[in-house]
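Asker: Mind having a look at this structure? Questions to follow.
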Amino acid sequence: MVRQVTVTVPATTANLGPGFDCLGLALGLYNRVTFVETAGGLEVVIRGEGAEPLPTDETNLVVRAAGRLFQVVGRRPAGLRVVQENDIPVGSGLGSSAAAALGGLLAANALVNAGLEREALLALATEIEGHPDNVAPALYGGLALVIQDEGRLLVESIPVPEMEVAIVLPAFELPTAEARAALPKQVPLADAVFNAGRVGLLVRALAAGDYGRLGMATQDRLHQPYRLPLVPGLAQAFAAARAAGAAAVALSGAGPSLVAFAPAGHQAIGEAAMAAFASAGLESRSWILPVDGVGCRVE
Ligand code: HSE
Numbered sequence: 018m019v020r021q022v023t024v025t026v027p028a029t030t031a032n033l034g035p036g037f038d039c040l041g042l043a044l045g046l047y048n049r050v051t052f053v054e055t056a057g058g059l060e061v062v063i064r065g066e067g068a069e070p071l072p073t074d075e076t077n078l079v080v081r082a083a084g085r086l087f088q089v090v091g092r093r094p095a096g097l098r099v100v101q102e103n104d105i106p107v108g109s110g111l112g113s114s115a116a117a118a119l120g121g122l123l124a125a126n127a128l129v130n131a132g133l134e135r136e137a138l139l140a141l142a143t144e145i146e147g148h149p150d151n152v153a154p155a156l157y158g159g160l161a162l163v164i165q166d167e168g169r170l171l172v173e174s175i176p177v178p179e180m181e182v183a184i185v186l187p188a189f190e191l192p193t194a195e196a197r198a199a200l201p202k203q204v205p206l207a208d209a210v211f212n213a214g215r216v217g218l219l220v221r222a223l224a225a226g227d228y229g230r231l232g233m234a235t236q237d238r239l240h241q242p243y244r245l246p247l248v249p250g251l252a253q254a255f256a257a258a259r260a261a262g263a264a265a266v267a268l269s270g271a272g273p274s275l276v277a278f279a280p281a282g283h284q285a286i287g288e289a290a291m292a293a294f295a296s297a298g299l300e301s302r303s304w305i306l307p308v309d310g311v312g313c314r315v316e
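If you want this note's numbering, it's the position in the sequence shown, counting the first as 1, plus 17.
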């Protein structure tokens with residue numbers, strides 16, 4: 018019998034304003050990775066987002082992640098056919114790299130019956146991809162707070178009510194490395210205090226579905242002030258989304274996409290942000306997405 022496994026991994030929006038490098042939310046937009054054991058060799062097929070730019074050889078992130086798992090457990094298939102069906106845009110701030118790393122790890126884990134638990138998969142994905150604030154919510158679903166403590170990762174899953182967000186992605190390349198290089202090495206104590214209070218408020222407001230507090234709770238002084246000027250029209254898109262009724266707007270991950278929270282009116286909010294990008298000369302795309310409460314699924 019041919020061994021075959023499919024893994025579905027959600028997109029994520031990390032940071033959510035003040036939760037820089039420690040908070041992330043899983044969204045209902047997915048990549049699917051199918052592994053089929055073959056007699057030999059490697060074949061990679063990519064459909065959907067990233068079909069053009071993503072490599073189809075050993076350097077492919079899904080393949081690298083699978084290779085790492087096979088190495089860790091000391092077992093590998095004779096050959097491998099990989100099919101990636103991607104709905105998560107690449108390089109967008111929506112966790113496509115975390116999704117690729119998790120997709121490869123979980124598919125490999127299931128294909129060779131390795132039985133690694135989620136904690137081990139979280140550690141491996143973070144080692145490969147580098148951003149636990151995307152990896153943790155993608156793996157566990159919902160809102161995840163991730164703490165790094167002397168090389169160990171602690172994840173707290175925080176239940177949130179059903180909600181939808183608007184995502185707007187401008188056609189602008191902003192590599193995460195570049196968005197991180199724009200940040201200062203040190204921040205004033207007042208800015209650290211500003212963010213610390215808001216992270217607490219944000220967790221409480223999201224858990225309670227309290228849109229009235231979300232505007233203040235998503236304010237940030239650690240990364241957004243340095244990153245917004247990197248993308249034409251981004252600051253204007255934030256303002257336009259708010260004017261169109263968004264209760265809160267944040268940079269999604271390291272950008273360039275933004276995430277807007279509102280109890281209703283997501284379509285108009287998305288269109289307002291897109292119009293702001295258009296005024297700055299950028300095309301953009303938008304999505305209205307529910308929060309994913311489940312995380313990765315293996316079939
Ligand atoms: N938290 C990381 C950053 C990105 O803002 O640079 C995770 O996507």
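Note that the Cβ used here is the ideal one computed from N, Cα and C, for glycine as well. If you're wondering where the values come from, they're calculated on a predicted model, not measured in any experiment.
1) Alpha carbon to alpha carbon, how far is G272 from S109?
2) With which residues is T23 paired in a DSSP beta bridge?
3) Taking the alpha-carbon positions, what's the H179 to A258 distance?
4) Any heavy atom of the ligand HSE closer than 7 Å to the beta-carbon of H283?
5) So which residues touch the region around the ligand HSE, with touch meaning a C-beta under 7 Å from any heavy atom?
6) Write down the C-beta distance between A196 and T29 rounded to the nearest angstrom, noting that I regard them as a contact closer than 8 Å.
7) Going by DSSP, name the residue or residues bridged to G58.
8) The beta strand (DSSP E) spanning P242 covers which residue range?
9) Could you work out which residue in M291, D38, A297, V315 is closest to V152 when comparing CA atoms only?
10) Report buried or exposed for E66, applying the criterion of at least 16 other Cβ atoms within 10 angstroms of its Cβ.
11) Whose CA, out of V89, V107, L40, lies closest to the CA of L78?
12) In whole angstroms, give me the CA-to-CA distance for D237 and A263.
13) Measure how close the beta-carbons of V24 and V50 come, nearest whole angstrom, since I'm counting them as under 8 Å.
14) Would you identify the three-state DSSP class for I164, choosing helix, strand or coil?
15) Go ahead and label N130 buried or exposed: buried means 16 or more other beta carbons lie within 10 angstroms of its beta carbon, across all protein chains shown.
16) Below 6 Å CB to CB, which residues in the same chain sit around G310 once its five sequence neighbours on both sides are set aside?
17) Just checking my contact of L141 with R81 at CB under 8 Å: how many whole Å lie between their CB atoms?
18) Is it buried or exposed for S296, if we count other Cβ within 10 angstroms and need 16 for buried?
19) Put N77 into one of helix, strand or coil per three-state DSSP.
20) Decide yes or no for the touch test of the stretch 241 to 256 against the stretch 281 to 294: beta carbon pairs closer than 8 Å, at least 3 of them.
21) What residue does the beta strand (DSSP E) around F278 start on, and which one ends it?
22) In whole angstroms, what separates the C-alpha of A188 from that of G287?
23) Who are the Cβ neighbours of G45 in its own chain at under 6 Å, not counting the five residues just before and after it?
24) How far does the alpha helix (DSSP H) with S114 in it extend, from its first residue to its last?
Answerer: In terms of the structure at hand:
1) As a working mapping, residue 272 is identified with position 255 in the sequence shown. As a working mapping, residue 109 is identified with position 92 in the sequence shown. Their backbone Cα atoms lie some 6 Å apart in a straight line.
2) In the sequence shown, counting from the first residue as 1, residue 23 sits at position 6. According to DSSP, T23 bridges with T51.
3) The count along the sequence shown starts at 1 and reaches residue 179 at position 162. The count along the sequence shown starts at 1 and reaches residue 258 at position 241. Correcting the residue identity first, residue 179 is Glu in this sequence and not His. Rounded to the nearest angstrom, the two C-alpha atoms are 21 Å apart.
4) Position 266 of the sequence shown, counting from 1, holds the residue named residue 283. No.
5) A31, N32, F37, D38, G110, G112, H148, D150, N151, T193, A196, R197, H240, G270, A271
6) Here residue 196 refers to the residue found at position 179 when the sequence shown is read from its first residue. Here residue 29 refers to the residue found at position 12 when the sequence shown is read from its first residue. Not confirmed; about 16 Å, so no contact.
7) Here residue 58 refers to the residue found at position 41 when the sequence shown is read from its first residue. BP columns for G58 point to G96.
8) Locating residue 242 in the sequence shown gives position 225, where the first residue counts as 1. No beta strand (DSSP E) holds P242; the alpha helix (DSSP H) holding it covers 241 to 244.
9) Residue numbering aside, residue 152 sits at position 135 when the sequence shown is read from its first letter. Looking at the Cα atoms, D38 is the closest of the given residues.
10) One-based indexing of the sequence shown puts residue 66 at position 49. Looking at its Cβ environment, which holds 16 or more other Cβ atoms inside 10 Å, E66 is buried.
11) In the sequence shown, counting from the first residue as 1, residue 78 sits at position 61. For the residues V89, V107, L40, the minimum Cα distance to L78 belongs to V107.
12) Position 220 of the sequence shown, counted from the first residue, corresponds to residue 237. Position 246 of the sequence shown, counted from the first residue, corresponds to residue 263. Their backbone Cα atoms lie some 17 Å apart in a straight line.
13) In the sequence shown, counting from the first residue as 1, residue 24 sits at position 7. In the sequence shown, counting from the first residue as 1, residue 50 sits at position 33. Sure, about 5 Å apart at Cβ, within 8 Å.
14) In the sequence shown, the residue the question calls residue 164 occupies position 147. DSSP places I164 in strand when its eight states are reduced to three.
15) As a working note, residue 130 is residue 113 in the sequence shown. Its Cβ having fewer than 16 others within 10 Å, N130 is exposed.
16) The count along the sequence shown starts at 1 and reaches residue 310 at position 293. When the five nearest sequence neighbours on each side are left out, the beta carbons in the same chain lying within less than 6 Å of the beta carbon of G310 are those of G158, G159, in order along the chain.
17) Sequence index remark: in the sequence shown, residue 141 carries index 124 (1-based). Sequence index remark: in the sequence shown, residue 81 carries index 64 (1-based). About 11 Å separates the two Cβ atoms, so there is no contact after all.
18) As a working note, residue 296 is residue 279 in the sequence shown. So S296 counts as exposed.
19) By one-based count along the sequence shown, residue 77 stands at place 60. Of the three classes helix, strand and coil, the one that applies to N77 here is coil, per DSSP.
20) yes
21) Here residue 278 corresponds to residue number 261 of the sequence shown, with the count starting at 1. Looking at the DSSP string, the run of the beta strand (DSSP E) that includes F278 is 275 to 278.
22) Within the sequence shown, numbered from 1, the residue matching residue 188 stands at position 171. Within the sequence shown, numbered from 1, the residue matching residue 287 stands at position 270. Straight-line Cα distance between these residues: approximately 15 Å.
23) For the purposes of this step, residue 45 is identified with residue 28 of the sequence shown, where counting begins at 1. The answer, listed in chain order, is L306, P307, D309.
24) Your numbering for residue 114 matches position 97 in the sequence shown. Note, S114: alpha helix (DSSP H), 113 to 128.
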